[in-house]
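Written below as structure tokens is the structure these notes are about.
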Amino acid sequence: MPDLRCTVQTCVHNQQFLCDLDSIEVGGHDARTTSETCCDSFQERTGDSYSNSSMTGQASDLTKIDCKATECMYNEHCACHAGKISVEGSNACDCDGTECATFTCNC
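Going by this note's numbering, the sequence shown opens with residue 1090, and the numbers climb by one from there.
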């Protein structure tokens, strides 16, 4: 599993730049650029989730990444095989405000 870093502080799953999910899904089936990808697992933090954020699962730097960006050079059978990846989108309100910064088109 890749080492996953996440700068999306508006996501309920982000715990000190790590994701507390065991697996995430990166979207962008037809992506040719980083901005055409997204974290489909994003869930916006609300007022209630800020106070409860420490109650979620254990954050990990090793998360399974299901990748729908079929043109990415790290995508092998819909799984990410990059050693390290970064999901970005510091002020995201929905998954479209996020992106996989590691995406590299093999086109």
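For glycine and all other residues, C-beta sits at the position ideal for the given N, C-alpha and C. All values derive from a computational prediction rather than experimental measurement.
Rounded C-alpha distance that separates K1107 from S1149: Here residue 1107 is Leu; the residue named in the question, Lys, does not match the sequence. Answer to the nearest angstrom: the Cα atoms are 6 Å apart.
With a CB to CB cut of under 6 Å and the five nearest residues on each side skipped, what residues in its chain are close to T1096? E1177, S1179
Looking only at DSSP bridge pairs, what is A1171 linked to? None; A1171 has no bridge partner.
Since S1197 and I1113 should fall inside the 8 Å C-beta cutoff, what is the C-beta to C-beta distance between them, to a whole number of angstroms? Since the first residue of the chain shown is 1090 and the last is 1196, residue 1197 is not available in this structure.
Per DSSP, the bridge partner or partners of V1176: C1095, C1189
Inter-residue spacing [alpha-carbon to alpha-carbon] between A1190 and D1119: 16 Å
Residues bridged to E1114 (per DSSP): D1155
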